[in-house]
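Numbering (the numbering used here), first residue to last: 286 to 440.
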């Protein structure tokens, strides 16, 4: 794949991720008060949570440190992608991670906290942006590992 196509696809995935995340958060904000829950099915509620930490509530109260960590992580991701953008499907997890990060960044800049709402039993609440980030990181790692295995087999 050419470089422009890879960047374009990553950007498209990121835009779709941000849009989905922000639309669902707007619906939750319009429907619930902070702490209010709706049971979806056994073990999963929709609960409006305002999270000042990162994924799954980690680093709560981290403030500027969180912003620095997110920006550094996104910078490293984009630098890696700039060097390897032509690699097979790398655009897909990069777009998902970028979209998730931007979705949560919008919340931080707009209200100072991230809106979480997916609330399973025995696990901290999270949101759609977190899902994009986690799935994107898993895909990124799998692609990197598969490329390493292919290089070892070929070399």
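Backbone N, C-alpha and C define an ideal beta-carbon position, used for all residues, glycine too.
Note that this is a predicted model, so its numbers are computed, not measured.
Residue 335 carries a strand assignment under DSSP once its states are collapsed to helix, strand and coil. Taking a 10 Å sphere around the C-beta of residue 399, we find 16 or more other C-beta atoms and assign the residue as buried. The DSSP assignment places 399 to 405 as complete runs of the beta strand (DSSP E) inside the region 384 to 417, in order along the chain (cut-off: 3 residues). Excluding its 5 nearest sequence neighbours in each direction, residue 323 has C-beta neighbours in its own chain below 6 Å: 331, listed in chain order. Between residue 381 and residue 302, the C-beta gap is smaller than 7 Å, which places the two residues in contact. Of the candidates 370, 300 and 357, the residue whose Cα lies closest to the Cα of residue 417 is 300.
Within a 10 Å sphere around the beta-carbon of residue 370 sit 16 or more other beta-carbons, which makes this residue buried. When rounded, the separation of the alpha-carbon atoms in residue 419 and residue 321 is 26 Å. Annotation: residue 287 is outside any beta strand (DSSP E) and is labelled neither H nor E by DSSP. Around the beta carbon of residue 287, fewer than 16 other beta carbons lie within 10 angstroms, which makes this residue exposed. Cβ-Cβ distances below 6 Å link residue 424 to 378 in the same chain, with the five nearest sequence neighbours on each side left out; the list follows chain order.
The beta carbons of residue 402 and residue 352 sit no closer together than 7 Å. With contacts defined by Cβ atoms closer than 7 Å, residue 383 and residue 305 do not form a contacting pair. By the neighbour-count criterion, in which 16 or more other beta carbons inside 10 Å mark a residue as buried, residue 388 falls on the buried side.
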